[in-house]
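First comes the structure, then the notes that go with it.
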Amino acid sequence: MPKQGADSRLSRRRFLSLSSTAAAALGIAPLAVRPSESFAENAPSADDYYAKLGVAKIINAAGTYTYLTAACMPPQVQRAVAQAALHPVRLKDLQLAAGEYLAKKLRCEAAVVSSGASAALTLATAACIASANGASPQEIPENVDKMKNEVVVQKAHRYEYDHAMLLCGARIKEVVTLEDYKRALSPNTIMTNFFNAAEAGPDGAQIDRETWLRVAHEHGVPCHNDAAADMPPIENLWKYTGMGFDLVCFSGGKGIRGPQNAGLLLGKKHLIDLAVANNNPNSDAVGRGMKVAKEQIVGMVAAVDWLLEQSDEKNQAEYMRLTNIIVDAVKDVPTMKTRVFMPPIANHVPHLLLSYNPSVVGLTPQQVQEKLRAQTPSIELNPATGTSSRVGLPSDENTIVISTWMLQPGEAEIVGRSLRTALMKT
Ligand SMILES: *Cc1c(COP(=O)(O)O)cnc(C)c1O
Numbered sequence: 001m002p003k004q005g006a007d008s009r010l011s012r013r014r015f016l017s018l019s020s021t022a023a024a025a026l027g028i029a030p031l032a033v034r035p036s037e038s039f040a041e042n043a044p045s046a047d048d049y050y051a052k053l054g055v056a057k058i059i060n061a062a063g064t065y066t067y068l069t070a071a072c073m074p075p076q077v078q079r080a081v082a083q084a085a086l087h088p089v090r091l092k093d094l095q096l097a098a099g100e101y102l103a104k105k106l107r108c109e110a111a112v113v114s115s116g117a118s119a120a121l122t123l124a125t126a127a128c129i130a131s132a133n134g135a136s137p138q139e140i141p142e143n144v145d146k147m148k149n150e151v152v153v154q155k156a157h158r159y160e161y162d163h164a165m166l167l168c169g170a171r172i173k174e175v176v177t178l179e180d181y182k183r184a185l186s187p188n189t190i191m192t193n194f195f196n197a198a199e200a201g202p203d204g205a206q207i208d209r210e211t212w213l214r215v216a217h218e219h220g221v222p223c224h225n226d227a228a229a230d231m232p233p234i235e236n237l238w239k240y241t242g243m244g245f246d247l248v249c250f251s252g253g254k255g256i257r258g259p260q261n262a263g264l265l266l267g268k269k270h271l272i273d274l275a276v277a278n279n280n281p282n283s284d285a286v287g288r289g290m291k292v293a294k295e296q297i298v299g300m301v302a303a304v305d306w307l308l309e310q311s312d313e314k315n316q317a318e319y320m321r322l323t324n325i326i327v328d329a330v331k332d333v334p335t336m337k338t339r340v341f342m343p344p345i346a347n348h349v350p351h352l353l354l355s356y357n358p359s360v361v362g363l364t365p366q367q368v369q370e371k372l373r374a375q376t377p378s379i380e381l382n383p384a385t386g387t388s389s390r391v392g393l394p395s396d397e398n399t400i401v402i403s404t405w406m407l408q409p410g411e412a413e414i415v416g417r418s419l420r421t422a423l424m425k426t
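Here you go:
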């Protein structure tokens, strides 16, 4: 059939020309990319809308930051998303089936795919308001100020995602000491929120995870744990529900490498049922604007399947191999000291810290960051570069920070070369 032959020849030609253009833009020979490892394996045969829109594709040497579109999906997840796009289904059927499947895989009573960890926190709050008050979805947030509505949180756990709880009409009650905490848990409390990554370290809270949970449960109050960025290790996906947290959220598009607008709320069946009641496609509900399309629900499930085939040891070894490629490229820069830091909880992967004397080298870390951002291909360094203000990363004004876990094949070499060019005077 000549027509079909012509079509497939055309798309094959397009595929080849695009992939060699992409390779040229990255300054690498096409053969340097090993397709079996590339997350761009399903290379586009359709129009490249990033090119059409004039949006720069970046090399992500920063990490799973939301403003950098977090992770790319592995090929098997991309294929599941593309497959899901081919047919309509009943959205509620898909939500419920995906939740049951994930609960089995992740060893908890129940689960729901949300539009991200932030939306999971909103659904958790709505569920706990509903549970404490017998409130219907229609009453949230309009009537919540007349109900039991307090969420108890440690002062050191206040964060930018508080907004996700407040939009249900809940009030936040801050505590510092264990005595404060016991006093604060009252008939007006609907839940507690624990910021998983903020437990340890100098800015850490006074009340540890186990004590926090035990005291809340002595008062009959459900506990939510925000573990959004806290995989790896993989076992964290069941560790916190296993400890007894009633609800736990994870971001779908960070380390799990699902769609960026997906996330997980895991936990007790009666609370997940209430979260679902407050979720889309129900229209008169706080979760209506947090819709997850069929493609993303399927993508989230496929990402969990992919992840459960992974090995933490192998992945960490690969991130270190990439880190060492960059170390080798810059280690003889004058005054350079390199060290690798693993954050203990969130983003628990190697972070490369490159510290040097900017007056000897001639450029500050922030100037290097700007330079790499402005070049083609554009490189994003970790936002802790040149500053000590990022919690959890021991950087300062003389330090460049790099995380390699979001790099695609061939990119560590480009990052190493670009840094070397920027930092070496000759
Ligand atoms: C990233 C993050 C979130 C939000 O996750 P999304 O999936 O982008 O909604 C919430 N809490 C913490 C601690 C995070 O790191």
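With UniProt numbering, letter number 384 in the sequence shown gets 384, and the count goes up by one each step, no holes.
Quick reminder that beta carbons are idealized off the backbone N, C-alpha and C, glycines included.
Sequence-distant residues of its chain with Cβ nearer than 8 Å to residue i (five each side left out)
i	result
N357	P334, T335 and N398
R34	Annotation note: pLDDT 44 at R34 (below 50); position unreliable, no value reported.
K294	A84, A85, P88, V89, L91 and L94
Residues near residue i by beta carbon distance below 7 Å, same chain, minus five either side
i	result
R339	L353
Y319	V349, P350, T404 and W405
A156	A198, D203, G204 and A205
K331	T338
residue 437	The requested residue 437 is not part of the displayed model; the chain covers only 1 to 426.
E411	I59
Endpoints, beta strand (DSSP E) assigned at residue i
i	result
N225	C223 to D226
S251	L247 to S251
K399	The displayed chain sequence assigns Thr, not Lys, to residue 399. Here the beta strand (DSSP E) through T399 covers T399 to S403.
I379	S378 to L381
V151	E150 to Q154
L352	H351 to S355
Minimum C-alpha distance to residue i - residue among the options
i	options	result
H224	D145, A184 and L266	L266
L94	S114, L106, R107 and V77	S114
V292	D180, D332 and Q260	Q260
S418	R183, E179, T385 and L381	L381
T69	A82, V55 and V81	V55
G287	A384, A164, K182 and A374	A164
I325	I414, F195, L237 and L96	I414
P233	E100, C108, N315 and A374	N315
N279	L102, A51 and L96	L96
N236	A170, D273 and N347	N347
First through last residue of the alpha helix (DSSP H) which encompasses residue i
i	result
E313	D312 to V330
T338	Unbroken run through T338 is the beta strand (DSSP E), K337 to F341; no alpha helix (DSSP H).
G299	K294 to L308
A110	Note, A110: premise wrong, no alpha helix (DSSP H); beta strand (DSSP E) at A110 to S114.
S131	A117 to N133
L423	E411 to L423
V286	Element bounds for V286: n/a, residue is neither H nor E.
residue 433	Look at the range of the chain in this structure, 1 to 426, and you will see that residue 433 is not part of it.
P394	First-last for P394: undefined, no H or E at that position.
L372	P365 to A374
Own chain, CB closer than 6 Å to residue i, minus 5 neighbours either side, in chain order
i	result
L407	L322
residue 433	Not covered by the structure: residue 433. The range shown for the chain is 1 to 426.
Q366	G386
Y49	none
S355	K337, N398 and T399
A216	T192 and C223
R107	W238
V360	P334 and T335
Any C-beta of chain C under 8 Å from that of residue i
i	result
L102	Included in the structure is just one protein chain, with no chain C present.
**Prompt:** Whole beta strand (DSSP E) runs in the region 33-100 with 3 or more residues, listed along the chain?
**Reply:** 58-61
Looking at C-beta atoms only, is the number of pairs between the region 234-252 and the region 207-217 that lie closer than 8 Å three or more?
-> yes
field: At least 3 beta-carbon pairs within less than 8 Å: the region 219-233 vs the region 85-92
entry: no
On the three-pair Cβ rule with 8 Å, is the region 75-89 touching the region 292-302? yes
3 or more residues per run - each beta strand (DSSP E) lying fully within the region 161-227 = 171-175, 189-195 and 223-226
Checklist entry - What runs of the beta strand (DSSP E), each 3 residues or longer, lie entirely inside the region 231-275? => result 247-251 and 263-267
*Could you say if the region 305-320 and the region 151-166 meet the contact criterion of at least three C-beta pairs nearer than 8 Å?*
no
When you compare the region 179-189 with the region 136-146, are there three or more beta-carbon pairs, one atom per stretch, that lie closer than 8 Å? no
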